[in-house]
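Numbering (my numbering), first residue to last: 852 to 1187. Built from N, CA and C at the ideal position, the CB exists for glycine as well.
Right, here's the structure in full:
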């Protein structure tokens, strides 16, 4: 009976949140050297971001790990506390809801490659991670951040029961909304501690095929959304898409997640395809049970992107106009 009562309370709270709160929509905002968060240009970039209709922003500081199999992890100097403070203040002045999502940079791969060889190494890694993520959780509390993400795309260690200790330690110092950013539907399945969090967070980069045909792309998206709904309907938590995106490069449909293929700069730009895909995603994700959608990504430099750029940002590309049409209702120059 006690379990039934708790479940009923959760269902009522979830319904209340989804029924009364306006959906969050925005971008993962990344700092770049050409316009650090404490530079006036970054404030201009954020203002332009708001013009798309964004009402929320994810700010991304970084941790650093040398090897994916190492138990050693530390802070990165990619974003300083001072820069993060200025970004939070700017976002607040612009009326944005603020999410802080620390991510791990791995020298020989990405965060999903992190996997420890034995239990002792895993325990040591989680102890250090608790300290590091706790630092940012305390910063988030001081800065009155709305939501804190306890981890991002840590596929290799998502099944560990030690996540419950991480969540408990963060709960002790941060009193806002908590979530985790799982890597795709499979990541949502793997993560064992949704019951201790407030929101199911997911990053979506599924394979979209090879054809730029809108109906083919949309069918794959709809299948992903269908699988996500089936899975999350059993978890009784609001659902937030914390990342969705695609590079504006030829071949991006085949592997939207593969940022490494952009590093050699050999791909040809395809900004038209990026605009089509993001427009289809925003339509596919417009569901009453999805309470937030965040695009990857927007840069702190207002002049980032452009028609010759092959990166994920949609700045100064057709995709920016597509999003502005969808979110802000300003559709001049957008082909229907």
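Under the three-state reduction of DSSP, residue 1074 is assigned to helix.
For residue 876, the three-state secondary structure derived from DSSP is strand. For residue 932, the enclosing alpha helix (DSSP H) begins and ends at 932-944. Contact between the segment 977-995 and the segment 926-938 is present: three or more C-beta pairs spanning the two stretches fall below 8 Å.
A straight-line Cα-Cα distance of about 16 Å links residue 1078 and residue 1042. The beta strand (DSSP E) runs lying completely inside the segment 1115-1163 and spanning 3 residues or more are 1141-1150, given in chain order. A direct Cα-to-Cα measurement between residue 1014 and residue 1036 gives close to 18 Å. Listed in chain order, the non-local C-beta contacts of residue 1012 below 7 Å within the same chain comprise 1043, local neighbours out to five positions each way being set aside.
Close CB contacts of residue 947 within its chain, under the 6 Å cut and outside five residues either way in sequence, are with 907 and 908 (chain order).
In the structure shown, residue 980 adopts helical secondary structure according to DSSP, grouped into three states. If you ignore the 5 residues before and after residue 1049, its C-beta comes within less than 6 Å of the C-beta of 1028 and 1029, all in its own chain and listed in chain order. Within the segment 1029-1068, the runs of beta strand (DSSP E) at least 3 residues long that lie entirely inside it are, in chain order, 1050-1055. Only buried fits residue 896, as 16 or more other CB atoms lie within 10 angstroms of its CB. In the DSSP annotation of this structure, the continuous segment of the beta strand (DSSP E) that includes residue 907 starts and ends at 907-910. In the structure shown, residue 1002 adopts extended strand secondary structure according to DSSP, grouped into three states.
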